[in-house]
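Heads up, the final residue of the sequence shown is numbered 323 in our numbering, and it's a clean run with no missing numbers.
Cβ atoms here follow ideal geometry from the backbone N, Cα and C, with glycine treated the same way.
What follows is a short report on a single structure.
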Amino acid sequence: MLVSLIATVLNEGENVRRLMNSICAQTRLPDEIVICDGGSTDNTRQILESYALQLPLRIVVAERSNISKGRNTAIANARYEYIAVTDAGVHLEPDWLEKLIAPWQTDPQLPLIAGFFRSDPKTVFEIAMGATVLPEESDINPEKFLPSSRSVAFRRSVWQAVGGYPEWLGYGEDVVFDMAVKGKFGKFGFAPKALAHFRPRGSFPAFFRQYFNYASGDGHANLFWLRQVLRYVTYGIALPLGIYFTYLYGAWVGVPFALVASLYLIVPLRRLIPAIAPLNWKEKLYALWLVPWIRLVGDIAKILGYPYGVWLRFTKGKV
């Protein structure tokens, strides 16, 4: 089985070394690596070229390309039927590629294999962020899981059949691609031990921008509208009513609302508590305090980002 590993980069600088070093350390090296540079103006390309003597690496350039166009360009320049995809902002477990393609050993006709990812936090804030927004393997239903393109593999013929990644979409492109593949080909393979590690956002402004962009992509692609309606109902109707009736009739009225709100925090707290075990008590309290605020900021970002994406859908369409 010959495998092409592809990625797209833009102004990654020294950050890309971590990815490349983790590729060099793979127990099963890719048969070729094709990286599309979207027009970097820093030293990204020079750093990548320094790995060309160690790895079967080719660099292609697509100026001013978004992530979808960068991936499509890299795949179009790849030689082999089996394509593995990752991102510049990650580092890979040494057996990532070996685990990722293992399901093809028993079923080479699988259209797509979903790998997995874990947070790689460096601060208390990032520990809380990862626990709040990133699922664990136990949270995943493999039948419904739509993988991130940080860790995924598919057959080149499948990519061609669904028209590749959607170049008209700025964010959420991997979800649209996954859904197109699932709609046309059905069941995915699942390789949860094929792990890519990445750092969660390290501040509230960075997190807000990330989730605003994700939600704008959902709105542009007309995805998950029911979730968004529920979010508007919760924050626009249920929360104001809860505050109003609590003010009007006393604190006891707010207890049911508080219990319902606490259910929203159970899953991230379950993931967070083991992660903060090595921390001192002040850091633990800080991490626990962050969880509801991360939830709130993420929801506000989605509430604001989704209508912007809808506006893009009606003004720009699929261009």
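Residue from the options with nearest C-alpha to residue i
i: residue 5; options: 74, 246, 101; result: 101
i: residue 246; options: 260, 233, 226, 235; result: 260
i: residue 196; options: 130, 96, 7, 23; result: 96
i: residue 121; options: 159, 143, 20; result: 143
i: residue 92; options: 52, 109, 69; result: 52
i: residue 44; options: 208, 273, 17, 54; result: 17
i: residue 169; options: 311, 71, 19; result: 71
i: residue 311; options: 218, 114, 25, 109; result: 218
i: residue 224; options: 314, 147, 276, 80; result: 314
i: residue 146; options: 124, 173, 130, 116; result: 116
i: residue 50; options: 251, 114, 254, 20; result: 20
i: residue 198; options: 151, 220, 211; result: 151
i: residue 227; options: 190, 237, 309, 266; result: 309
i: residue 132; options: 278, 304, 320, 306; result: 278
i: residue 111; options: 320, 158, 148, 123; result: 158
i: residue 129; options: 286, 87, 191, 200; result: 286
i: residue 208; options: 266, 149, 191, 305; result: 305
i: residue 104; options: 320, 155, 23; result: 155
Limits of the unbroken alpha helix (DSSP H) element including residue i
i: residue 156; result: First-last for residue 156: 156-159, but that is the beta strand (DSSP E), not the alpha helix (DSSP H).
i: residue 281; result: First-last for residue 281: undefined, no H or E at that position.
i: residue 222; result: 208-225
i: residue 197; result: Per DSSP, residue 197 belongs to no alpha helix (DSSP H); it is in the beta strand (DSSP E), 193-202.
i: residue 251; result: 243-253
i: residue 63; result: First-last for residue 63: 61-65, but that is the beta strand (DSSP E), not the alpha helix (DSSP H).
i: residue 178; result: 177-189
i: residue 77; result: 71-80
i: residue 107; result: 100-110
i: residue 25; result: 20-28
i: residue 132; result: 128-137
i: residue 232; result: 229-237
i: residue 51; result: 48-53
8 Å contact criterion, which residue i and residue j should meet: CB distance rounded
i: residue 89; j: residue 153; result: 5 Å
i: residue 37; j: residue 61; result: 5 Å
i: residue 324; j: residue 268; result: Any question about residue 324 goes unanswered here, given that the chain covers just 5 to 323.
i: residue 273; j: residue 257; result: With 8 Å as the limit, residue 273 and residue 257 do not qualify as a contact, their Cβ atoms being about 25 Å apart.
i: residue 204; j: residue 137; result: 7 Å
i: residue 57; j: residue 27; result: Rounded, the Cβ-Cβ distance is 14 Å, inconsistent with contact.
i: residue 307; j: residue 239; result: 6 Å
Cβ shell of residue i (< 6 Å), same chain only, five flanking positions each side left out
i: residue 65; result: 41
i: residue 302; result: 215
i: residue 184; result: 166
i: residue 280; result: 288, 291
i: residue 249; result: 257
i: residue 193; result: 107, 114, 117
i: residue 212; result: 301, 305
Bounding residues of the beta strand (DSSP E) (the contiguous stretch that carries residue i)
i: residue 121; result: 116-123
i: residue 7; result: 7-13
i: residue 39; result: 36-41
i: residue 88; result: 86-89
Exposed unless 16 or more other CB atoms sit within 10 angstroms - verdict on residue i
i: residue 178; result: buried
i: residue 234; result: exposed
i: residue 163; result: buried
i: residue 241; result: exposed
i: residue 107; result: buried
i: residue 134; result: buried
i: residue 187; result: exposed
i: residue 318; result: exposed
i: residue 222; result: buried
i: residue 316; result: buried
i: residue 289; result: exposed
i: residue 322; result: exposed
i: residue 76; result: buried
i: residue 54; result: exposed
i: residue 210; result: exposed
i: residue 243; result: exposed
i: residue 262; result: exposed
i: residue 255; result: exposed
Contacts around residue i, its chain only, beta-carbon distance under 8 Å, and the 5 residues preceding and following it disregarded
i: residue 127; result: 206
i: residue 82; result: 8, 10, 36, 38, 160
i: residue 68; result: 42, 43
i: residue 276; result: 131, 132, 135, 136, 291, 292, 295
i: residue 201; result: 94, 95, 96, 97, 121, 122, 123, 124
i: residue 141; result: 120, 196
Neighbourhood of residue i by C-beta, 7 Å cutoff - its chain only, sequence neighbours within 5 removed
i: residue 98; result: 29, 30, 31
i: residue 47; result: 17
i: residue 175; result: 217, 218, 220, 221
i: residue 173; result: 72, 180, 221, 224, 225
i: residue 171; result: 70, 72, 73, 76
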